[in-house]
Each structure stands twice: as C-alpha cells, then as structure tokens.
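Each remark here refers to the structure printed beneath this line.
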Amino acid sequence: MNKTNELALDNCIKCSICVTHCPVAKVTDKFAGPKQNGPDLERFRLEEPLAVHPSIEYCSNCKNCEVACPSGVSISTMNCRAKGEYVAKNGAPLRDRLLANVELMGDFARLMPGLVNWGGKVKLFRELAERIFNISADMTLPQYASKTFYELYRENKPPVSAKKVVYFPGCYVTYNTPEVGLALVKVMAHNGVEVLVEEFNCCGVPLIANGLLADAKNNARNNMRKLEKYIDAGYQIVTSCPSCNLALRREYGELFDMEKAHRLAEQVIDVFEYLQVLAENGELKTDFKHLSLTVGYHQPCHLKAVGCGVPSKGILDLVPGVEVNDLDAGCCGLSGSYGFKKEKYAISQEIGRQLFQAVKKKGLNRVITECGMCQLQIHHGTGAEVYHPIQVLAEAYGLGSDIK
Amino acid sequence: MTDKAQVVIIGGGATGTGILRDLALRGISAVLVEQGDLAHGTSSRFHGLLHSGGRYAVKDKEAARECIEENLILCRIAPSCIEPIGGLFVEMQGDDPEYTEKWVSACAEAGINAEETDVQEVLKSNPALSSNITRAFKVPDCAVDGFRILWGNVNSARKHGAKVITYSKVTKIHQENGSVTGVELLNKLTGEKKTIECEMVVNAAGAWAGEVAAMVGLEVNVIKDKGTLLAFNHRMMNKIVNRLRPPGDGDIFVPHGTITILGTTSQTVDSADANKPERQEVLDLLKIGKEMVPEIENFRLVRAFAGVRPLYQPGSSATGRSVSRGFALLDHQQMDGLNGFVSIVGGKFTTFRLMAERTADLVAEKLAVDAPCRTAQEPLTDPVPEELLKRGKKVFGIPGAKKAAERLGDDFARVIEEAEQNAEKRQVFCECEMVSRAEIDFVARDEDCHTLGDIRRKTRMGMGTCQGTFCGYRTLGALNKYEKFARSHREYLSVFLQKRWKGIRPVLWGQQLREAQLALGIYCSLFGMERMK
Numbered sequence: 001m002n003k004t005n006e007l008a009l010d011n012c013i014k015c016s017i018c019v020t021h022c023p024v025a026k027v028t029d030k031f032a033g034p035k036q037n038g039p040d041l042e043r044f045r046l047e048e049p050l051a052v053h054p055s056i057e058y059c060s061n062c063k064n065c066e067v068a069c070p071s072g073v074s075i076s077t078m079n080c081r082a083k084g085e086y087v088a089k090n091g092a093p094l095r096d097r098l099l100a101n102v103e104l105m106g107d108f109a110r111l112m113p114g115l116v117n118w119g120g121k122v123k124l125f126r127e128l129a130e131r132i133f134n135i136s137a138d139m140t141l142p143q144y145a146s147k148t149f150y151e152l153y154r155e156n157k158p159p160v161s162a163k164k165v166v167y168f169p170g171c172y173v174t175y176n177t178p179e180v181g182l183a184l185v186k187v188m189a190h191n192g193v194e195v196l197v198e199e200f201n202c203c204g205v206p207l208i209a210n211g212l213l214a215d216a217k218n219n220a221r222n223n224m225r226k227l228e229k230y231i232d233a234g235y236q237i238v239t240s241c242p243s244c245n246l247a248l249r250r251e252y253g254e255l256f257d258m259e260k261a262h263r264l265a266e267q268v269i270d271v272f273e274y275l276q277v278l279a280e281n282g283e284l285k286t287d288f289k290h291l292s293l294t295v296g297y298h299q300p301c302h303l304k305a306v307g308c309g310v311p312s313k314g315i316l317d318l319v320p321g322v323e324v325n326d327l328d329a330g331c332c333g334l335s336g337s338y339g340f341k342k343e344k345y346a347i348s349q350e351i352g353r354q355l356f357q358a359v360k361k362k363g364l365n366r367v368i369t370e371c372g373m374c375q376l377q378i379h380h381g382t383g384a385e386v387y388h389p390i391q392v393l394a395e396a397y398g399l400g401s402d403i404k
Numbered sequence: 001m002t003d004k005a006q007v008v009i010i011g012g013g014a015t016g017t018g019i020l021r022d023l024a025l026r027g028i029s030a031v032l033v034e035q036g037d038l039a040h041g042t043s044s045r046f047h048g049l050l051h052s053g054g055r056y057a058v059k060d061k062e063a064a065r066e067c068i069e070e071n072l073i074l075c076r077i078a079p080s081c082i083e084p085i086g087g088l089f090v091e092m093q094g095d096d097p098e099y100t101e102k103w104v105s106a107c108a109e110a111g112i113n114a115e116e117t118d119v120q121e122v123l124k125s126n127p128a129l130s131s132n133i134t135r136a137f138k139v140p141d142c143a144v145d146g147f148r149i150l151w152g153n154v155n156s157a158r159k160h161g162a163k164v165i166t167y168s169k170v171t172k173i174h175q176e177n178g179s180v181t182g183v184e185l186l187n188k189l190t191g192e193k194k195t196i197e198c199e200m201v202v203n204a205a206g207a208w209a210g211e212v213a214a215m216v217g218l219e220v221n222v223i224k225d226k227g228t229l230l231a232f233n234h235r236m237m238n239k240i241v242n243r244l245r246p247p248g249d250g251d252i253f254v255p256h257g258t259i260t261i262l263g264t265t266s267q268t269v270d271s272a273d274a275n276k277p278e279r280q281e282v283l284d285l286l287k288i289g290k291e292m293v294p295e296i297e298n299f300r301l302v303r304a305f306a307g308v309r310p311l312y313q314p315g316s317s318a319t320g321r322s323v324s325r326g327f328a329l330l331d332h333q334q335m336d337g338l339n340g341f342v343s344i345v346g347g348k349f350t351t352f353r354l355m356a357e358r359t360a361d362l363v364a365e366k367l368a369v370d371a372p373c374r375t376a377q378e379p380l381t382d383p384v385p386e387e388l389l390k391r392g393k394k395v396f397g398i399p400g401a402k403k404a405a406e407r408l409g410d411d412f413a414r415v416i417e418e419a420e421q422n423a424e425k426r427q428v429f430c431e432c433e434m435v436s437r438a439e440i441d442f443v444a445r446d447e448d449c450h451t452l453g454d455i456r457r458k459t460r461m462g463m464g465t466c467q468g469t470f471c472g473y474r475t476l477g478a479l480n481k482y483e484k485f486a487r488s489h490r491e492y493l494s495v496f497l498q499k500r501w502k503g504i505r506p507v508l509w510g511q512q513l514r515e516a517q518l519a520l521g522i523y524c525s526l527f528g529m530e531r532m533k
C-alpha cells in the first residue's frame, strides 16, 4: 500500500456519510456498506491482507461513497482492492467471469447477432440460463449490433483534418450501440475534428467490479500500450462512456499504479467536455436545426465520480427546441453486470425504482444519459427510448436519424 | 460475609493473576482481590511489547536473559495472545557504532538471537522508516495483548477453583500474634463489606504495593514512574522497531493489532493514579519518534495514554531509567518478622509469569505444599478449532471472527451460536474494532462487568479510530435490558466518554480534532447529553 492511501485512510472520521449515500445499503442489509469494507477493514488489512467481509460482493462499484466522502478517503478504491483480494483467494463464479468478460461476449455475439438477440428474448433459454448460471431471467439483455463500431468506422472514415483526437469507444458502443460512436465521429467531423480509432480492449471496469483485478490490469496494460504513442504525441483521448473515462482517468493510476497514468489522466476527456472547450473558444458550430424534443436527463454515477459536472447540458442548451429535464433520482441500479445477477436483480430494480418513477411522473418517453448500462436499465424499467446525448446533437446538426 | 482461602492476592494485574493461576494449578486455594476492573492499571498501560530482552542486553544481562526465556515460554503457552511479528533494532546516523558492537555481543551472551539484516530490505517493506538507518538487526520481539493474557490467567485459574473479586478495595489486613489472618474488603460499587480469612496475603499491587504494605505498618519503597505512550490510527510498520542505543524515551514503535504504539516517557510521580497523559509529553515523544519515522506528523494519533511503572530498588535514591527493571520478592517474615505476608515488586510485563512462579514457590513452601510450578508447560489458552473459525467467518466476516476468537477463547463457540440463531446479534456495534453485538451481549452478562469501560477492556469496543463515538451509545442501548445496568444512562456514558477524552485531549489536532467535533455534535447536540437524565 502506498503512502497516499494510508494517509487517506487516516482521514476517515467514521461519519458514515458514505453509507447514507450508498444506493445498495439503502435497499438491502445484505451489504455491510462502503465504510465497513473500505476504511474500517483497511486497518485490519494492514495486518491481514485477506480481512474482507464476504458481503463485499454486494458492492456495485457505483462510487457514490467516494463522491460523498467529505474527508477525501478513497473508499471505493479500497473496496475494489479488497474485492480483488477476496476473489483472488476464493475465486469468482463462472457467471461473474462471463458477465465481466464483455469483450468475449461481444466477440461471440457478433458471429450471429440475430440469433443471440433472438435467443435473449426466449423465456425458456433465459430460465435455463438462470438455473445454470444464475443470470437473471428477468433483466433485458443488451442487443448486439450486426456490425461492430470498428467495422462501421472503417466503412465511414471521417475526412482528414489537422485537428485530431483519439476515440476510446468502449465495449457497449463497439458491440451494442455503434450508432453512438458514429454520431460522435460525425459531430466531431462537423466541427473540423478528425476522430482516430484503434482497436482497444475493454477498459476493465466490468472486471474490476467483479474483483478480477489481474485480468483488468492486463487490459489496462494492453490499452496503455496502444495509447502510449498518442499520449506522447499530445493527443486528447475522447470517450463517450463515463465508466471508460473513469477507468482511464483514475483507476489505471489508483488501482494499478501504472507508469504514465497521470499523463493519461490529463489527456482523457469526455466528448462533451471537449465540445464545451470548443464552445468556450468560439469554435463550436452552432448551425443547429430546431428539434422540438423533450427529454429526461439521467446523470450516470460514474460521470459523477469523474467529477466533470454535466458537460452535455451546456451544449444541448444551445440547441433550439430541446428541453432537458434533469431527473435527479440517483443511481439506476444496474451497475454493469451487477443487475444481471440473479441474487442481485431485485436489489438492482429496487435501487432504480426512484429513477423509473421520476421518468414516469414527468410523463417522459425519451431519456438521455451517457452510460450504456444506464440506457439499458432505464429502458427496462420504463419502456422509454433512451439515447446518448451525442445522438441528440448529431440530430440537431442534421447528421443523424437515430432519434425516434 | 466471610470467605475463606489459603491465600489472598491483592492486585489484579499480570503478576497477581499469574500468581492466582500458578497457585490454583498447585492446588492451593486462592482469592484475588482487585480495587477496579482487572488490568485497569499498568498491565494495560504499556507498549504491548513482549521483549526479546534486546533492550536490556547491555545494561542488565540478568533481566535480558529472563526476558528471552519468558518470551519463548509465553509464545508456546499463549499463542492466541501474541503476534509473533518479530522486532528490529535499528542503528541510525549519529548513534554510537561502538554501542552496537557491545549490544551484538551482549545479545549473544544473553541467548538472544539478533541477526543483522539488509537495511534496504527493511526500508522497502517499511516505507515509513527513515532512510538514515545505518544498521538493522532482527530479534524475536513480539506484540502481546495484556488484557488477553490476564483473562487467560483468570479463566485458567477459575477452572482450578480460584476466585476473583473485582471493584473491591482492601481496607484492612488482619494480623494476630505476628501473623496475617485475613483481609477486609469494601465493594466500591455496592458499599458491601466482606472479610476473607486466610493464611497468607500476597501483595501484588504493582504501583499500589507501597500503600498495601503500609496497611500492615511496613515500608515497601516502590518508585512510581509514569510512562506515556501514543496510539496511532493504523499499523505504520510490520515489525516492532527499537532504536539501537542505550534505552531512552520514545524509542520503540509497536504495531499492535490495528494500531501502532510509540513510547515511552519516564517521570517519577507521587501517586499510582497519576496516569494522565500531558500534551507536552506527546509533543516530546513525536519529536523523538520523528527521527525514526520522518513523516510522523502526518500519521493520525487516536490517543495518548500513560501507565505508572512500579520500580523497585532498595536502599538507593536512583530514579527513572537508572532503576533496574528486575523484580524483587520480599519475604516479610524474614525481613520484618510478619508471618504470611509477601510482596512481589518491580519487574515488567514480559516476566510476569516468572515473577508469579517465584512468588508461588515461596507461598507453597510456607504452606508446606509440595507441588511444582506448571505454568511454563500448561497452555494458557486452547487454540480455537478451525471449524469454529469457519462458522465465525460466516457470521462476523474474516477479521471479525478472527479477533473475536482471539479475545473470547473458549467462549467463542457460545457467541457464534447466538449470532447464528439471531441475525440481529451479528450487527457490528464497534465498527472500528469489529465487535459484534453478540460479543458485547455476552461480555455484558459476565459477573465482572459493571460499566461500559469494563466492556471496552474485554472487547476493544471504543478503542479504535472513533474512540467510542458510535459504539458507546449503541452498546448502552443493548445494556438496557440487563438489570445490573440500571443506573443512569448519562452516568454510564459520561464516565465512559470522559475516560476516552482523557486520552484524546492531549492529541487534539488534525483528523482527531474533526473526530472530536463529530462526537461533540452527536452527544451534545443530537442526544442533548447535558439535558439527559
């Protein structure tokens, strides 16, 4: 353990604000809470590295504890490491390994996306999967696209420009919603920025959340190797997924102590943060068409954790006719693979209930949010059409046709 | 009320309980009398260091040899009370290299295995230590839990018929025809009086030994030497670290359970109760400690505490560090012509068993009981079976089960059963030190448990980061259902909190100051403690 973390450990005054902000602890007593497995047990782990409460598996890795902590304690990082130690000792169920291995699942599904998508909706198959793998039969599965984002990008290369960024699309855009990535490429091109891509690995967040730290570190190393030349050349690395952003910006440094992690952190930027800078410099194109669109906005927990505010709001406010209602209803509850697990599905839905009610109460049938998993959960819980804000912007520029 | 026993032992510290066990194992009936809770005195107010003897090797070879012998015996008979983490002696820039050479050969002569180790390796695994360390030696120092050793003694003694009476002060020692015949007790909680008839009285009152001897008109010159120690919020290193130079203040760090203890100071005081740590002592300790741990000011202190060493040096005016750490067994029949009265004085925690053995040898001889000492062979505590630990982990988690097993010993099984049957009992009341409601309930029912402080000493509840802020009121809530805890809530709480504050006040800055503000908010604003009935 390095010194900074030890010192942050000393900052905990046991105020329990983290516990009151933990969406899981709020709905179930199966989780001992972030404080217990974080700073409380960290003191014991300095003597006995395996000092973990088994309820650690109920941590959804949403990071609200760390955001709420008034004392600057890296609660979530402590929890992630502890879960890693626990899993390293006790092993992870095959189910967790499957769900965490988003890339593997994506690569499998793309062989026959139609069949996989169809199978995911057949009750019988889902019940079998629940019985065999403990994967909830009730949770809506993500739909796989017929072509990956990388394939579509190669087919629709943006025009060359002097101004370039690198795009880290993340698995959900790669395999499930490539249209989001395409919208991003088009929006950037419209503003004179060329988007470069590289076939990156999964950022590692799903692996981290399941305690598979060694695998996650492997991914981090591979991605770092691919990013290195861009970091050295001073490129900004743009993301559309808040979890990928968080991984690159913070977790590669905090969890894996990687060399160059702090330089990577400085160069990683959310796409709307990037557009905001353009706007501030008067370089953002404002040739928007009137959209007459009312949407709800849900702020993903990991975007909160990144600490960049809600950059999409400032930009969408510029689009005439777009009305964005902040739902302000907390965590959606899905937390990546968490809500797909049979024993956690009910917890996940209970956490999301407030958000679902907010959508329904406001009578909204369209919602925007940056995180792919939040998109899926909101659709599952409300039936609303859910988009990434970049799709709305593409629509406003007259570059897209995703919004129904 | 009148009781009878062959021997009455005065003083419920390590030595007194050690003697109780020793006598009980020899089949001699004995009662131990303690004015407060067991271990409330010096036996709980020390480093928690089981010396290898290295500290005394140069100056007092006899004490060093006793230490290493006792160290090995205790590791064998009481493994659940000891963390065998090993110690380091470090020489630093500016320390006398000749002393190091002297020390190395003194250790060899005393039979202490001191092995030189690579300084770079030491720094790598203990990054908190200063890079000014020039040489480092490994010694078999251990961390020891004074409380657990004491209760180990008591539990074992009880199994063999011995009795313990706490919160009872000896008010008079009866004598007839030059022989001790009994003691009179006053129960400090109930005001009840009691007489115990006996053939012998053993004065094992530590820092209070002079006062006890005075009751029979004798003078035992115990030098009361206050030592202040600091408790840091977490383990700063993974080994005990001693400064390799002639023993002085603030030169030992002991990682102990969840905390690190730095000490001590040495100052002659008038009263055995003078155990209030002062801010200046804290600052002095930090200043010296900084030489070994340069970042020491950035580590959080949770409290300071002080104990009064009972030093003994007959016919000398020496004080403090120049007084021997050896012990003396005073046969007052031989010295003063009083039959049946024995005092055991001086010494240190590490050699408590040996002190008890010598005392019990003398007592047995006087009572004409021919039974050898068995305390060096008979295990003090039985190891907790693996199967029980597994069950414990399911209800309390890994660290919770391990710590509870170490604290509870044989009683662990009953606490697990309660927690297994009743999910509510699995609640963790003290989150800093992982103490479950089941354990607190179990301890509260113990006949020797009368205050929150008693529960604290037996469980570590209230001894962690928050110093009782949260577990204090939670525990009080659980005590509600016991008749014996029927006094005013405010009294229980304020006594408990004030004792905590005694140690917090001298370290009131940084994060501990924020903690104190939170505690103040909870007790004074939220609970309105000033208005509490």
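Sequences listed follow chains A and B, in order. In terms of the working numbering, the first sequence opens at residue 1 and continues consecutively. In terms of the working numbering, the second sequence opens at residue 1 and continues consecutively. Think of the CB as a built atom: it goes at the ideal place given N, C-alpha and C, for glycine as much as any other residue.
Within 8 angstroms (strictly less), CB to CB, does residue i reach chain A?
i                      : result
residue 234 of chain B : yes
residue 300 of chain B : yes
residue 459 of chain B : no
residue 523 of chain B : no
residue 142 of chain B : no
residue 476 of chain B : no
Please classify residue i: is it buried, with 16 or more other beta-carbons within 10 angstroms of its beta-carbon, or exposed?
i                      : result
residue 233 of chain A : exposed
residue 370 of chain B : exposed
residue 200 of chain B : buried
residue 353 of chain B : buried
residue 2 of chain A   : Below a pLDDT of 50, predicted positions are generally treated as unreliable, and residue 2 of chain A, at 40, falls in that range; no measurement from the model is reported.
residue 10 of chain A  : buried
residue 4 of chain B   : exposed
Identify the residues that DSSP records as bridge partners of residue i: which are they?
i                      : result
residue 148 of chain B : According to DSSP, residue 148 of chain B bridges with nothing at all.
residue 307 of chain B : B:227
residue 175 of chain B : B:180
Taking 7 angstroms as the cut-off, is the beta-carbon of residue i closer than that to any non-hydrogen atom of the ligand ADP?
i                      : result
residue 325 of chain A : As presented, the structure is devoid of all ligands, the ligand ADP included, so that no description of it is given.
Does chain B have any CB closer than 8 angstroms to the CB of residue i?
i                      : result
residue 152 of chain A : no
residue 90 of chain A  : no
residue 406 of chain A : Not covered by the structure: residue 406 of chain A. The range shown for chain A is 1 to 404.
residue 54 of chain A  : yes
residue 15 of chain A  : yes
residue 43 of chain A  : yes
residue 18 of chain A  : no
Count the CB pairs spanning the segment 295 to 306 of chain A and the segment 364 to 371 of chain A that are closer than 8 angstroms, and state whether there are at least three. A contact is defined here as three or more CB-CB pairs under 8 angstroms, and the segment 295 to 306 of chain A meets this definition with respect to the segment 364 to 371 of chain A.
Write down every uninterrupted run of the alpha helix (DSSP H) in the segment 264 to 338 of chain A whose length is 4 residues or greater and which is fully enclosed by it, in chain order. Contiguous alpha helix (DSSP H) elements confined to the segment 264 to 338 of chain A occur at 271 to 280, 301 to 306 and 311 to 316, taking only those with 4 or more residues.
At which residue ranges does the segment 350 to 408 of chain B contain complete beta strand (DSSP E) runs of 3 or more residues, listed in the order of the chain? Correct list: empty.
Fully enclosed by the segment 61 to 112 of chain A, which alpha helix (DSSP H) runs are 4 residues long or longer? The qualifying runs are 64 to 68, 75 to 90, 94 to 100 and 102 to 109.
Which full runs of the alpha helix (DSSP H) of 4+ residues lie inside the segment 76 to 144 of chain B, going along the chain? Annotation note: the segment 76 to 144 of chain B contains the following uninterrupted alpha helix (DSSP H) runs of length 4 or greater, listed N- to C-terminal: 97 to 110 and 119 to 125.
Is there contact here, the segment 144 to 155 of chain B with the segment 72 to 92 of chain B, by at least three beta-carbon pairs under 8 angstroms? yes
Report the start-end ranges of each beta strand (DSSP E) in the segment 330 to 384 of chain A that is 3 residues or longer and not cut off at the edges. Runs found: 366 to 368.
Kindly confirm or deny that the segment 10 to 19 of chain B and the segment 36 to 43 of chain B touch, where touching means at least three C-beta pairs closer than 8 angstroms. yes
Would you list, in sequence order, the uninterrupted alpha helix (DSSP H) runs of no fewer than 4 residues that lie entirely inside the segment 192 to 220 of chain B? 209 to 215
Any alpha helix (DSSP H) of 4 or more consecutive residues that is wholly inside the segment 224 to 267 of chain B: none
Any contact between the segment 207 to 216 of chain A and the segment 170 to 184 of chain A? By contact I mean 3 or more CB pairs, one from each, below 8 angstroms. Short answer: they don't touch.
Assess contact between the segment 25 to 32 of chain B and the segment 210 to 226 of chain B, defined as three or more Cβ pairs (one per stretch) separated by less than 8 angstroms. Is contact present? no
Taking contact to mean 3 or more Cβ pairs, one atom from each stretch, closer than 8 angstroms, check whether the segment 394 to 402 of chain A and the segment 346 to 361 of chain A are in contact. no
Entirely enclosed beta strand (DSSP E) segments - the segment 418 to 459 of chain B, minimum 3 residues: Runs of the beta strand (DSSP E) inside the segment 418 to 459 of chain B: 428 to 430.
Does the structure place the segment 97 to 112 of chain A close enough to the segment 325 to 341 of chain A that three or more beta carbon pairs sit under 8 angstroms? By the Cβ rule, the segment 325 to 341 of chain A counts as touching the segment 97 to 112 of chain A, because three or more pairs are nearer than 8 angstroms.
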